[in-house]
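For the working numbering, add 33 to where a residue sits in the sequence shown, where the first one is 1.
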Amino acid sequence: MALSGDSSSLNIEELLIMSWMETCRGVVYPWHCDHLGHMNVQHYVGHFDIAAFHFLVELGFKADGKQDEGISLVDAQHTIQFKNEQRVGALFKVESALLKVGNKSVTMMHRLHNIETGEIGATTEIVCVCFDLSARAAIPIPDDIRANLQGYIMDPDDES
34 MALSGDSSSL
44 NIEELLIMSW
54 METCRGVVYP
64 WHCDHLGHMN
74 VQHYVGHFDI
84 AAFHFLVELG
94 FKADGKQDEG
104 ISLVDAQHTI
114 QFKNEQRVGA
124 LFKVESALLK
134 VGNKSVTMMH
144 RLHNIETGEI
154 GATTEIVCVC
164 FDLSARAAIP
174 IPDDIRANLQ
184 GYIMDPDDES
């Protein structure tokens, strides 16, 4: 785990915050699969989207964003890497991590693991932009949100 300073001064809650967080579980059903016999792209994206909603709530956002304040996060970019096929009957879990907090954006990563084999089936890196719902434009992340998010940033290569 990439930590700044001496990790021995961190308490268990701080260490848990800065690790991969399980955000979704599922099974590959026949209707998830395409003509090649493996889970189709649309279902990876769907499970990553479910994971993102759970992850954002874990990070302190409400399930409906901050819509009462006129602010939300919107997806700006998805980069998916498919690593191992997931076939009918495969049990999987999705884990999520926060990689970066920018001025107007956050970058998160999700990885889908086959529970039985332990192999990573796919990963996605998502850039979300802080969005003013009235102006319909990107805005700087409010300071209170930024301060909270800083504690969740981790190195995606950490296996904990």
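Glycine residues also receive a C-beta, built at the ideal position from the N, C-alpha and C atoms. For clarity, every value in this text was computed on a predicted model and none was experimentally measured.
Euclidean distance between Cα positions of I178 and N73: Here the C-alpha atom of I178 lies approximately 35 angstroms from the C-alpha atom of N73.
Whether L106 touches C57 by CB criterion (8 angstroms): The criterion of a C-beta distance shorter than 8 angstroms is not satisfied by L106 and C57.
Cβ shell of A109 (< 6 angstroms), same chain only, five flanking positions each side left out: Exclusion of the five residues before and after A109 leaves V160, V162 as the residues of its chain whose Cβ lies within less than 6 angstroms of its Cβ.
Boundaries (first-last residue) of the beta strand (DSSP E) holding V160: It spans 153 to 165 - the beta strand (DSSP E) in which V160 sits, taken as one unbroken run.
C-alpha gap between S138 and H87, whole angstroms: Distance between the alpha carbons of S138 and H87: 18 angstroms.
Proximity winner among I172, C66, F81, A171, relative to V127 (alpha-carbon distances): Of the candidates I172, C66, F81, A171, the one whose C-alpha sits nearest the C-alpha of V127 is F81.
Bridge-paired residues (DSSP) for K126: Paired residue(s): R58, H146.
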